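**Student:**
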Amino acid sequence: GASLNKYGTVELDYMSSLLPDMKENDIISSLEGRIYFNPEENAYEVADKFISGNVIEKAERIESWLLDHPEHEEAKQSLAALRAATPTPIPFADLDFNLGERWIPAKVYGRFASEFFGTDIGVSYHSNMDEYSIVCDQKNANIWHKYAVQGEFRRYDGINLLKHALHNTIPDINKSKEVTDKVTGETKTIKVRDGHAIQMANAKIEEIRQGFVDWLGRTPDSFKQQLADRYNRLFNCFVRPNFDGTHQTFPDLDLKRLGIDDLYKSQKDAVWMLKTNGGGICDHEVGAGKTLIMCTAAYEMKRLGLANKPMIIGLKANVFDIADTFRKAYPNAKVLYPGKNDFNKQNRQRIFNDIKNNDWDCIILTHEQFGMIPQALEIQEAIMQKELDSVEENLEVLRQQGRDISRGMLKGLEKRKQTLEAKLQNIQDSIAERKDDAVDFKMMGIDHLFVDESHQFKNLMFNTRHDRVSGLGNPDGSQRALNMLFAIRTIQERSGKDLGATFLSGTTISNSLTELYLLFKYLRPQALEKQGINSFDAWAAVFAKKSTDYEFSITNDIIQKERFRTFIKVPELAAFYAEVWE
Numbered sequence: 001g002a003s004l005n006k007y008g009t010v011e012l013d014y015m016s017s018l019l020p021d022m023k024e025n026d027i028i029s030s031l032e033g034r035i036y037f038n039p040e041e042n043a044y045e046v047a048d049k050f051i052s053g054n055v056i057e058k059a060e061r062i063e064s065w066l067l068d069h070p071e072h073e074e075a076k077q078s079l080a081a082l083r084a085a086t087p088t089p090i091p092f093a094d095l096d097f098n099l100g101e102r103w104i105p106a107k108v109y110g111r112f113a114s115e116f117f118g119t120d121i122g123v124s125y126h127s128n129m130d131e132y133s134i135v136c137d138q139k140n141a142n143i144w145h146k147y148a149v150q151g152e153f154r155r156y157d158g159i160n161l162l163k164h165a166l167h168n169t170i171p172d173i174n175k176s177k178e179v180t181d182k183v184t185g186e187t188k189t190i191k192v193r194d195g196h197a198i199q200m201a202n203a204k205i206e207e208i209r210q211g212f213v214d215w216l217g218r219t220p221d222s223f224k225q226q227l228a229d230r231y232n233r234l235f236n237c238f239v240r241p242n243f244d245g246t247h248q249t250f251p252d253l254d255l256k257r258l259g260i261d262d263l264y265k266s267q268k269d270a271v272w273m274l275k276t277n278g279g280g281i282c283d284h285e286v287g288a289g290k291t292l293i294m295c296t297a298a299y300e301m302k303r304l305g306l307a308n309k310p311m312i313i314g315l316k317a318n319v320f321d322i323a324d325t326f327r328k329a330y331p332n333a334k335v336l337y338p339g340k341n342d343f344n345k346q347n348r349q350r351i352f353n354d355i356k357n358n359d360w361d362c363i364i365l366t367h368e369q370f371g372m373i374p375q376a377l378e379i380q381e382a383i384m385q386k387e388l389d390s391v392e393e394n395l396e397v398l399r400q401q402g403r404d405i406s407r408g409m410l411k412g413l414e415k416r417k418q419t420l421e422a423k424l425q426n427i428q429d430s431i432a433e434r435k436d437d438a439v440d441f442k443m444m445g446i447d448h449l450f451v452d453e454s455h456q457f458k459n460l461m462f463n464t465r466h467d468r469v470s471g472l473g474n475p476d477g478s479q480r481a482l483n484m485l486f487a488i489r490t491i492q493e494r495s496g497k498d499l500g501a502t503f504l505s506g507t508t509i510s511n512s513l514t515e516l517y518l519l520f521k522y523l524r525p526q527a528l529e530k531q532g533i534n535s536f537d538a539w540a541a542v543f544a545k546k547s548t549d550y551e552f553s554i555t556n557d558i559i560q561k562e563r564f565r566t567f568i569k570v571p572e573l574a575a576f577y578a579e580v581w582e
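Here the sequence shown is numbered in the UniProt record's numbering, starting from 1 and rising by one per residue.
1. Grouping DSSP H, G and I as helix and E and B as strand, with all else coil, what is Gln-560?
2. Taking buried to mean at least 16 other C-beta atoms within 10 Å of its own C-beta, is Asp-130 buried or exposed?
3. Note down, in chain order, each residue of its chain lying with its Cβ closer than 7 Å to the Cβ of Asp-342, except the 5 sequence neighbours on either side.
4. My understanding is that Val-451 touches Ala-382, with C-beta atoms under 8 Å, so please give their C-beta distance in whole angstroms.
5. Pull up the distance between the alpha-carbon of Trp-215 and that of Gly-118, whole angstroms please.
6. Looking at the structure shown, is Val-108 part of a helix, part of a strand, or coil, going by DSSP?
7. Go through the region 461–518 residue by residue and report every complete run of the beta strand (DSSP E) that reaches 3 residues or more, in order.
8. Pick helix, strand or coil for Ile-322, following the three-state DSSP scheme.
9. Using a Cβ-Cβ cut-off of 8 Å (strictly less than) and excluding sequence neighbours within five positions of Ile-198, which residues of its own chain qualify?
10. What first and last residue would you give for the beta strand (DSSP E) that runs through Pro-310?
11. Hey, which unbroken runs of the beta strand (DSSP E) at 3 residues or more fall wholly within the region 177–201?
12. Mark Tyr-550 as exposed unless 16 or more other C-beta atoms lie within 10 angstroms of its C-beta, in which case mark it buried.
13. Answer yes or no: do Ala-541 and Glu-101 have a C-beta to C-beta separation smaller than 8 Å?
14. Check the C-beta distance from Asn-54 over to Thr-548 and give it rounded, since I have them as a contact under 8 Å.
15. According to DSSP, simplified to helix, strand and coil, what is Ile-56?
16. Can you tell me whether His-126 is buried or exposed? The criterion is at least 16 other CB atoms within 10 Å of its CB, across all chains shown.
17. What's the gap between the Cα of Met-461 and the Cα of Pro-475?
18. Would the region 527–537 and the region 83–97 be scored as touching if the rule is three or more Cβ pairs under 8 Å?
19. Write down the C-beta distance between Thr-514 and Gly-477 rounded to the nearest angstrom, noting that I regard them as a contact closer than 8 Å.
20. Taking Leu-365 as the reference, which of Lys-386, Met-372, Lys-345, Ile-312 has the closest Cα?
21. Specify, as a first and last residue, the run of the alpha helix (DSSP H) that Thr-276 falls within.
22. Thinking C-alpha only, which one of Asn-140, Ile-568, Lys-146, Cys-237 is nearest Ile-208?
23. By DSSP, does Asn-236 sit in helix, in strand, or in coil?
24. Tell me, which residues are paired with Thr-548 by DSSP?
25. Whole angstroms is fine: what's the gap from Arg-403's alpha carbon to Gly-217's?
26. Kindly indicate which three-state DSSP category Glu-71 falls into: helix, strand or coil?
27. Buried or exposed: where does Gly-314 fall if 16 or more other Cβ atoms within 10 Å of its Cβ makes it buried?
28. From what residue to what residue does the alpha helix (DSSP H) around Ala-538 run?
29. Return the bridge partner residues of Val-149 from the DSSP annotation.
30. Thinking C-alpha only, which one of Leu-234, Asn-160, Arg-416, Gln-380 is nearest Ile-431?
31. Apart from the five residues just before and just after Glu-582, which ones in its own chain have a Cβ nearer than 7 Å to its Cβ?
32. I'd like to know whether the C-beta atoms of Ile-56 and Thr-86 end up nearer to each other than 8 Å.
33. Whole angstroms is fine: what's the gap from Phe-564's alpha carbon to Phe-543's?
34. Helix, strand or coil for Glu-41 per DSSP?
35. If you reduce the DSSP assignment to three classes, tell me which class Asp-229 lands in.
Here it is in structure tokens:
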């Protein structure tokens, strides 16, 4: 406890100085099960930190280290502890598979399709475009007729529909309709969506998707085991430690001035989780409890050298209370809490320099003041370029599908491309015209961001081909959320790790699939990448089931309503979330 309070880590030299009568080996023995040797760090770590996160990956790394150091007993004990903590593998029979999950090798989909259609079919996946492509040289009756839909303007064969099945989309099929102009009485022919044909196409796509699940059930046991092993390695590998923060003594914390006897256990545990992980998500109810978690965690991170310059941002209505709590809790701390005039146009540069040039224990700003801080132009450029690449790749994919695709979706993406190009050009112009004395977020040296009421930043941009699915939110996102992404990526780029920020909210997720994905996009980009997930569509392919309902419009046309109805693989998704949540 003393070592963790003073250094935040297991420091054996310090512990030996406190216990001069005990040998180092005896200290290690007495802490068996509470500390573990991590060969990668060449140091001991507390169980909370060591047996957490992706334990399968950690175990594999220690296993390969042991090949060169076969006699190392402590490392063997560490490996055994990780193996014991590994989640029970989920058997194949309990797994819910979707056609088009990106982690399943594309050649598996090729084998299924070849058997399903009765002819040789090759499937490849291009991760940079998040796109499946299909090659079939010998089309047969199944492709031309059984799994085909004839529209008025073109035929959609089984290969077209297989591609839609892999991407979980539905083709946009049109028909012509004669309409009479009410004023002139003239009759003209227009294109409208063909509800019946779309319904037929969707039924055949569902048949293909169900066919994949049935085919998997008929594969040999050895193959089923391989697939289940691969899934368990990627998704069923996260362990959430029991974050017990009761050992913390919180030096310098003035409980008397706060008018309390002690922090609640839930607050101590939350602070310990944030210190151990370097950030996370706190779903604590509104009130003083959450404020004190932020203030204490920020001060502790600074005291232990886990962060050099933490920043707290909150709602205008709350920041005075946050600053007041911080000053009561730590009366000797060096806290910057600027007044609203400090952010007037003429004073702004001075306050930015003030943040940059001083060694603050904490800086406390409103969301609006935070939004006025210029973000590093190079980070902005890199992120906008990545989004633009993603939109251009989606456009390229849709153009290849030709008339399969709705004009509305194409127009939407083209408009998005123009907007992003204009934004990127603005950023590049700003880089060219930048003044030497300009201060941006990166220069300020902020290395941890506490975001109170973080749901205010939930509308982050994302790319999707599911343009007809209701309830996904606006893919363009808000400038405020984009600004937050720039700041968090700046911190993550410096540390080379995920997190670097703490989101606090009573309502982090309002039951929306996209909001959960975007939380991970902010806080865990590297972890998503390891799962082969680089877009919303790739994420939804693993964790969501889509349903399509048909309704009649006022003009008696059939219209389709698509929704992501349910989460699947919930325990693994929950473990991925819980690893950084308190």
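From the three backbone atoms N, C-alpha and C, an ideal C-beta is built for every residue, glycine too.
These numbers come from a predicted model, not from an experiment.
**Tutor:** Let's see:
1. The residue given as residue 560 occupies position 560 in the sequence shown. In this structure, Gln-560 counts as strand in the three-state DSSP scheme.
2. By one-based count along the sequence shown, residue 130 stands at place 130. The residue in question, Asp-130, is buried, as its Cβ has 16 or more Cβ neighbours within 10 Å.
3. Stepping through the sequence shown from its first residue, residue 342 is reached at position 342. Closer than 7 Å at the Cβ level, and outside the excluded window around Asp-342, lie Ile-351.
4. Mapped onto the sequence shown, residue 451 falls at position 451. Mapped onto the sequence shown, residue 382 falls at position 382. The Cβ separation is near 22 Å, so there is no contact.
5. Along the sequence shown, read from residue 1 onward, the residue named residue 215 stands at position 215. Along the sequence shown, read from residue 1 onward, the residue named residue 118 stands at position 118. So the alpha carbons of these two residues sit roughly 13 Å apart.
6. For this step, residue 108 is matched to residue 108 along the sequence shown. Reduced to three states, the DSSP call for Val-108 is helix.
7. 501–504
8. The residue you call residue 322 lines up with position 322 of the sequence shown. DSSP places Ile-322 in helix when its eight states are reduced to three.
9. For the purposes of this step, residue 198 is identified with residue 198 of the sequence shown, where counting begins at 1. Excluding residues within five positions, the ones whose Cβ falls inside 8 Å are Ile-170, Pro-171, Asp-172, Ile-173, Ile-558, Gln-560.
10. Within the sequence shown, residue 310 is the residue found at index 310, counting from 1. First-last of the beta strand (DSSP E) with Pro-310: 310–314.
11. Listed in chain order, they are 187–193.
12. Against the sequence shown, residue 550 aligns to sequence position 550. Tyr-550 comes out exposed.
13. Walking along the sequence shown from the start, residue 541 turns up at place 541. Walking along the sequence shown from the start, residue 101 turns up at place 101. Yes, these two residues count as a Cβ contact at 8 Å.
14. One-based indexing of the sequence shown puts residue 54 at position 54. One-based indexing of the sequence shown puts residue 548 at position 548. That belief does not hold up - the Cβ atoms of Asn-54 and Thr-548 are roughly 35 Å apart, past 8 Å.
15. Translated into the one-based positions of the sequence shown, residue 56 becomes position 56. Looking at Ile-56 - three-state DSSP - the assignment turns out to be helix.
16. Along the sequence shown, one-based indexing puts residue 126 at 126. Counting the other CB atoms within 10 Å of its CB gives His-126 a total below 16, which places it among the exposed residues.
17. Your numbering for residue 461 matches position 461 in the sequence shown. Your numbering for residue 475 matches position 475 in the sequence shown. About 5 Å.
18. no
19. One-based indexing of the sequence shown puts residue 514 at position 514. One-based indexing of the sequence shown puts residue 477 at position 477. With 8 Å as the limit, Thr-514 and Gly-477 do not qualify as a contact, their Cβ atoms being about 10 Å apart.
20. The residue given as residue 365 occupies position 365 in the sequence shown. Measuring from the Cα of Leu-365, the nearest candidate turns out to be Ile-312.
21. Here residue 276 refers to the residue found at position 276 of the sequence shown. Per DSSP, the unbroken alpha helix (DSSP H) holding Thr-276 starts and ends at 265–277.
22. Reading the sequence shown from its first residue, position 208 is the one you call residue 208. Comparing Cα positions, the closest option is Lys-146.
23. Counting from 1 along the sequence shown, the entry for residue 236 is found at position 236. In the three-state scheme derived from DSSP, where H, G and I count as helix and E and B as strand, Asn-236 is classed as coil.
24. For the purposes of this step, residue 548 is taken as residue 548 along the sequence shown, with counting starting at 1. Answer is Glu-562.
25. On the sequence shown, residue 403 is found 403 positions in, with the first residue counted as 1. On the sequence shown, residue 217 is found 217 positions in, with the first residue counted as 1. In this predicted model, Arg-403 has a pLDDT of only 47, less than 50, meaning its place in the structure is not dependable enough to derive any value.
26. By 1-based counting over the sequence shown, the position of residue 71 is 71. Judged by DSSP in its simplified three-state form, Glu-71 adopts coil rather than helix or strand.
27. Here residue 314 refers to the residue found at position 314 of the sequence shown. Its Cβ being crowded by 16 or more others within 10 Å, Gly-314 is buried.
28. Within the sequence shown, numbered from 1, the residue matching residue 538 stands at position 538. From DSSP, the alpha helix (DSSP H) with Ala-538 extends over 536–543.
29. Numbered from 1 along the sequence shown, position 149 holds the residue referred to as residue 149. DSSP lists Tyr-156 as partners of Val-149.
30. Translated into positions along the sequence shown, residue 431 becomes position 431. If we check each option's Cα against that of Ile-431, Gln-380 comes out closest.
31. Within the sequence shown, residue 582 is the residue found at index 582, counting from 1. Contacts found: Phe-243, Asp-269, Ala-270, Met-273, Gly-280, Cys-282.
32. Taking the sequence shown and counting its residues from 1, the one referred to as residue 56 is at position 56. Taking the sequence shown and counting its residues from 1, the one referred to as residue 86 is at position 86. It is a contact, given that the beta carbons lie within the stated cut-off.
33. Within the sequence shown, the letter at position 564 stands for residue 564. Within the sequence shown, the letter at position 543 stands for residue 543. Straight-line Cα distance between these residues: approximately 10 Å.
34. As a working note, residue 41 is residue 41 in the sequence shown. Coil at Glu-41, not helix or strand.
35. On the sequence shown, residue 229 is found 229 positions in, with the first residue counted as 1. Looking at Asp-229 - three-state DSSP - the assignment turns out to be helix.
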